[in-house]
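Numbering of the sequence shown is given in the numbering used here, commencing with residue 127 and proceeding in unit increments.
Glycine is no exception: its CB is placed at the ideal position from the N, C-alpha and C atoms.
Accompanying notes for the structure given below.
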Amino acid sequence: MTARTILTKLHGPTAAGVPRWAVWTAYATTLTALPSCIWRIAAMNLNAPLIDHNDAPPEGHGAVLVSGEGSWWYVIALSVVSEALAFLAVGLVARWGEVWPRWVPGLGGRRVPIMAAVVPAGVGSALLMVFPYAMVMFANGRMVNGNPDTTMTHGWQTVAFWVSYLPLAAWGPLLAVLTVHYYRRRRAAEAAGRSRKPEAALVG
């Protein structure tokens with residue numbers, strides 16, 4: 127079984143007229159969140175030596191949202207949700223991004239309105255631009271809120287952190303490219319469909 131066959135089984139058939147570069151861009155987008163998810167689970171849940179495990183965060187780190195037993199499930203949930211959201215980029219090149227799957231109650235088999243996909247994807251890509259900003263701030267020794275970076279990583283740990291989190295900076299831009307392409311492709315397809323109807327009427 128080829129890699130292409132495996133990918134097709136995972137996301138379903140590619141929509142008509144989608145160029146190869148867009149398909150591979152969608153694949154890349156789904157992978158942008160995966161390294162950070164693996165890092166987060168390994169560091170927080172499995173206590174891997176990817177960070178300095180202290181009883182309390184260093185001074186200036188900010189509020190801890192979840193602690194104790196809840197933190198274990200929070201990390202898992204955050205990672206699963208992150209990867210699920212990244213996978214939705216595939217809908218911008220797959221058939222199920224244009225026609226609702228049969229199992230969707232009340233909508234199965236119907237065309238997906240263009241803006242129903244473009245608006246959420248566009249808003250998501252704009253919000254995800256926080257990651258390039260965050261990476262720039264970290265590179266300048268600052269946290270996202272502008273406070274000095276009270277990092278819990280040192281040496282090779284810092285390298286592992288950057289390798290894991292730097293791909294997130296590409297999530298927003300890649301999604302934006304796919305969103306614009308999806309909008310233009312579907313609008314062009316609709317325009318072509320409207321132009322064919324008068325021709326069919328004349329032939330008839």
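In this structure, does DSSP put residue i in helix, strand or coil?
| i | result |
| --- | --- |
| residue 314 | helix |
| residue 305 | helix |
| residue 238 | coil |
| residue 225 | strand |
| residue 151 | helix |
| residue 293 | coil |
| residue 158 | coil |
| residue 174 | coil |
| residue 245 | helix |
| residue 145 | coil |
Rounded to whole angstroms, what is the Cα-Cα separation between residue i and residue j?
| i | j | result |
| --- | --- | --- |
| residue 270 | residue 156 | 24 Å |
| residue 105 | residue 148 | Residue 105 lies beyond the range of the chain shown here (127 to 330); nothing can be said about it. |
| residue 251 | residue 206 | 19 Å |
| residue 297 | residue 150 | 13 Å |
| residue 204 | residue 142 | 34 Å |
| residue 320 | residue 311 | 14 Å |
| residue 299 | residue 255 | 7 Å |
Quick test of your reading: residue i and residue j, contact by CB under 8 Å. State the CB separation rounded to the nearest angstrom.
| i | j | result |
| --- | --- | --- |
| residue 219 | residue 144 | 5 Å |
| residue 305 | residue 244 | 6 Å |
Taking CB distances under 8 Å as the criterion, tell me whether residue i reaches chain D.
| i | result |
| --- | --- |
| residue 202 | Going by chain labels, chain D is absent from the structure shown, which holds only one protein chain. |
Ordered along the chain, which non-local residues of its own chain (more than five positions away) have a Cβ less than 6 Å from that of residue i?
| i | result |
| --- | --- |
| residue 308 | 218 |
| residue 287 | 279 |
| residue 260 | 270 |
| residue 192 | Residue confidence for residue 192 is low, a pLDDT of 49 falling below 50, so the modelled location carries little weight; the figure read from the coordinates is stated next. 200, listed in sequence order. |
From the DSSP output, read off the bridge partner residues of residue i.
| i | result |
| --- | --- |
| residue 220 | 140 |
Excluding the five sequence neighbours on either side, which residues of its own chain have a C-beta within less than 7 Å of the C-beta of residue i, listed in chain order?
| i | result |
| --- | --- |
| residue 212 | 155, 156, 158, 159 and 297 |
In chain order, what residues of the same chain lie with their CB nearer than 8 Å to the CB of residue i, ignoring the 5 residues before and after it?
| i | result |
| --- | --- |
| residue 165 | 176, 286, 287, 290 and 291 |
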